[in-house]
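Numbering (this note's numbering), first residue to last: 49 to 203.
Here the structure is laid out as structure tokens; the discussion comes afterwards.
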């Protein structure tokens, strides 16, 4: 199953960009044996500003039939193990592409969130978008290590 992080905007060179790249690389190395590759980042630029334009750009960048998990502050919070179990369940039932979606500075368009298959929250705090990408990439890598039986994750 392909796993993607789709996000509005492109990150410039920063520590967060390096973290995302490192965790994506690690997830790809460990995920092959588990049927979880490629893991990639889809960066999307909207032609206009605002949530509706961003939703349109994101929708155009995501392949039809992908299972979409929208990152939203009102979403469901998962433990790392629950997220790993979710990824495994989707893979095992034959989903071909899982896409985690991160909106722009004002979040995702409510219509886009409603069309998503699920939502995911990183808690009630507000996080910078670059940091959310890094945290999400790490959680995908952590899911790979949990599913692979690695000692990286400790409950």
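For every residue, glycine included, the Cβ atom is placed at its ideal position computed from N, Cα and C.
Taking 8 angstroms as the upper bound for CB-CB distance, residue 169 and residue 121 are in contact here, some 6 angstroms apart. DSSP, read as helix, strand or coil, puts residue 55 in strand. Counted as a single uninterrupted DSSP element, the beta strand (DSSP E) harbouring residue 148 occupies residues 145-150. Take the alpha-carbon of residue 51 and the one of residue 143: they are about 10 angstroms apart. In the three-state reduction of the DSSP assignment, residue 112 falls in the coil class, being assigned neither a helical nor a strand state.
In this structure the segment 131-139 does not touch the segment 94-111; the number of beta carbon pairs closer than 8 angstroms is below three. Taking all protein chains shown into account, residue 167 has 16 or more neighbouring C-beta atoms within 10 Å of its C-beta and is therefore buried. In the structure shown, residue 85 adopts coil according to DSSP, grouped into three states. Under the three-state reduction of DSSP output, residue 171 falls in the coil class, being neither helix nor strand. DSSP places residue 64 in the helix class (H, G or I) of the three-state scheme. Straight-line measurement puts the Cα of residue 184 at about 21 angstroms from the Cα of residue 105. When C-beta atoms of the segment 154-166 are compared with those of the segment 195-203, fewer than three pairs fall below 8 angstroms, so the two segments do not count as touching.
Straight across, the Cα-Cα distance linking residue 75 with residue 99 is about 30 angstroms. In this structure residue 193 is buried. Its beta-carbon is surrounded by 16 or more other beta-carbon atoms within 10 angstroms.
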